[in-house]
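Enquirer: Starting off with a structure, shown below.
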Ligand code: AMP
Ligand code: GLY
């Protein structure tokens with residue numbers, strides 16, 4: 104089977120690396136890909152927004168499966184177009200992708216299906232949102248409804264800051280994403296990510312991870328797309344995962360099916376482990392980045408066959424996903440300036456590092472030199488028997504890389520490293 108992978112980040116490099124290992128994968132194509140992905144796949148120059156062009160590429164190259172990495176093409180209906188053309192696709196249709204694309208939609212679903220999450224109110228005008236703040240206590244949680252590249256959530260201690268965030272969202276500071284907003288109760292607890300695969304009917308667990316969203320050591324500074332992650336997240340015990348499956352994931356899949364928008368693909372649940380049990384913070388309609396990098400480092404099955412089973416609605420007869428017992432940990436090396444405007448073009452020397460696995464997130468090649476070409480640039484991934492060991496192994500690789508115009512966090516995995524030290 105020939106496969107087309109859509110995307111160009113570290114998540115897609117990890118998917119390409121794993122797909123290329125599948126016995127059922129003949130030729131792997133990636134659009135647009137990056138220099139790391141080019142080691143696993145043939146890069147193709149396709150306009151992803153032009154669905155007819157993607158379909159005709161698939162027809163011309165005997166593509167048996169399309170894997171969509173990022174959320175934007177899903178929200179844009181690429182999976183719908185491919186399904187309509189009879190091409191198996193891993194990733195949800197546009198309406199199902201609302202689970203990520205509209206926070207209000209997901210909150211309403213949680214209310215209807217009795218799924219544990221923070222209490223909320225939706226507002227479609229600035230005046231009602233400003234008045235509605237009175238229903239909440241600080242810290243105030245204000246969310247733009249739509250896709251905002253991970254930047255659409257403001258947590259404000261002071262009422263004035265909450266009001267300013269509302270003014271900004273309705274003033275167009277978040278583009279169309281802020282035309283409607285959600286106010287939420289603040290939840291306290293540790294965050295973790297849980298992944299499940301579903302073909303719209305059947306569901307299987309696909310591992311856990313913990314991300315590090317803040318830019319600085321000790322979880323300080325502004326939010327980013329994620330500065331590092333490890334898997335599995337031991338805080339998500341077997342019992343909690345079973346609870347999440349029964350009370351959050353399965354009711355979601357059932358709700359979507361019952362409302363004529365069956366969800367097919369990976370369901371990525373951002374969870375808050377509160378004193379009242381796990382609660383849903385948000386859903387994503389795709390793998391996490393960099394969570395995917397650590398999941399793929401531990402996944403021991405045949406990814407192409409599994410994704411095809413999801414795409415074809417045959418998950419019930421697919422082998423249950425298996426993972427190595429090791430911990431995987433990834434450190435994001437970012438370009439100076441990130442999460443603001445990153446400095447592009449800085450030289451990178453990988454220095455023939457031979458341990459770990461370096462996924463390319465935002466790189467390019469210029470005159471034979473690897474350079475930074477985005478905010479998050481490299482995802483340095485290693486494994487170990489414990490988080491402590493995986494952390495040591497990952498930073499040994501990081502320290503062998505020369506990237507003078509970049510930076511990284513030194514403490515990825517710190518919560519679990521502290522717990523392991525206390526054991
Ligand atoms: P989201 O984009 O919805 O994942 O939100 C980004 C981050 O904001 C989350 O990872 C949490 O750290 C935080 N957050 C979102 N909603 C809440 C909430 N209701 N209570 C506390 N923290 C939240
Ligand atoms: N790392 C968080 C995300 O992919 O949304």
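Residue numbers (the working numbering): 104 to 526.
Positions of the beta carbon are idealized from the N, C-alpha and C atoms, including for glycine.
In this structure, does DSSP put residue 212 in helix, strand or coil?
Expert: DSSP places residue 212 in helix when its eight states are reduced to three.
Enquirer: Using the C-alpha atoms, what's the distance from residue 327 back to residue 462?
Expert: Taking the straight line from one Cα to the other gives about 18 angstroms.
Enquirer: Looking at the secondary structure, which residues open and close the alpha helix (DSSP H) in which residue 121 lies?
Expert: Per DSSP, residue 121 belongs to the alpha helix (DSSP H) from 113-124.
Enquirer: Identify whether residue 348 lies in helix, strand or coil by the three-state DSSP scheme.
Expert: DSSP places residue 348 in helix when its eight states are reduced to three.
Enquirer: If residue 178 and residue 395 are in contact, beta carbons under 8 angstroms, what's the gap, nearest whole angstrom?
Expert: Not a contact, Cβ separation roughly 18 angstroms.
Enquirer: Is residue 356 buried or exposed, if buried means 16 or more other CB atoms sit within 10 Å of its CB?
Expert: When all chains shown are included, residue 356 counts as buried.
Enquirer: Using DSSP's beta-bridge definition, name the partner residues of residue 460.
Expert: Beta-bridge pairing links residue 460 to 484.
Enquirer: Cβ-heavy atom distance between residue 221 and the ligand AMP below 7 angstroms?
Expert: Yes, since a heavy atom of the ligand AMP falls inside the 7 angstroms radius drawn around the Cβ of residue 221.
Enquirer: So, at 7 angstroms on beta carbons, what are the nonlocal neighbours of residue 448 in its own chain, with the 5 sequence-adjacent residues on each side left out?
Expert: Result list for residue 448: 474, 475, in chain order.
Enquirer: Helix, strand or coil: how does DSSP classify residue 295 here?
Expert: It is a strand residue.
Enquirer: Measure the beta-carbon distance from residue 490 to residue 509 and round it to whole angstroms, keeping in mind my assumption that it falls under 8 angstroms.
Expert: The pair is not a contact, with the Cβ atoms about 24 angstroms apart (cut-off 8 angstroms).
Enquirer: Who does residue 331 pair with in a DSSP beta bridge?
Expert: 434.
Enquirer: Suppose the cutoff is 6 angstroms on Cβ atoms and the five residues either side in sequence are ignored; what does the same chain contact list for residue 209 look like?
Expert: Same-chain partners within the cutoff: 202, 386.
Enquirer: Taking the beta strand (DSSP E) that residue 368 falls in, what are its first and last residues?
Expert: Run containing residue 368: 368-377, per the beta strand (DSSP E) assignment.
Enquirer: Can you confirm whether residue 325, when its beta carbon is compared against all beta carbons of chain B, has any partner nearer than 8 angstroms?
Expert: Given the protein chain composition of this structure (a single chain), no chain B is represented.
Enquirer: How about the stretch 361-376 and the stretch 178-197: do they share at least three Cβ pairs that are nearer than 8 angstroms?
Expert: Cβ pair count under 8 angstroms is three or more, so yes.
Enquirer: Report the option in 163, 180, 171 whose CA atom is closest to the CA atom of residue 154.
Expert: Closest by alpha carbon: 180.
Enquirer: What does a CB cutoff of less than 7 angstroms around residue 422 pick up in its chain, not counting 5 residues either side in sequence?
Expert: So the qualifying residues of the chain are 404.
Enquirer: Look at the Cβ atom of residue 285, then the Cβ atom of residue 248, and state whether they are nearer than 8 angstroms.
Expert: Yes, these two residues count as a Cβ contact at 8 angstroms.
Enquirer: Quick one: is the Cβ of residue 322 within less than 7 angstroms of any heavy atom of the ligand GLY?
Expert: Outside the cutoff, so no.
Enquirer: How long is the line joining the alpha carbons of residue 426 and residue 402, rounded to whole angstroms?
Expert: Near 4 angstroms, if we compare the C-alpha coordinates of residue 402 and residue 426.
Enquirer: Taking Cβ positions, are residue 433 and residue 483 nearer each other than 8 angstroms?
Expert: Closer than 8 angstroms, so yes.
Enquirer: Report all residues from its chain with a CB closer than 7 angstroms to the CB of residue 103; omit the five preceding and five following residues, and keep chain order.
Expert: Since the first residue shown for the chain is 104 and the last is 526, residue 103 is missing from the structure and cannot be characterised.
Enquirer: For residue 302, is the classification buried or exposed, using 16 other Cβ atoms within 10 angstroms of its Cβ as the cut-off for buried?
Expert: Residue 302 is buried by the Cβ-count criterion.
Enquirer: Could you pull out every residue in the same chain whose Cβ sits closer than 8 angstroms to the Cβ of residue 161, ignoring the five residues on either side in sequence?
Expert: The residues are 107, 169, 185, 188, 190.
Enquirer: DSSP state of residue 472, grouped into three classes?
Expert: In this structure, residue 472 counts as strand in the three-state DSSP scheme.
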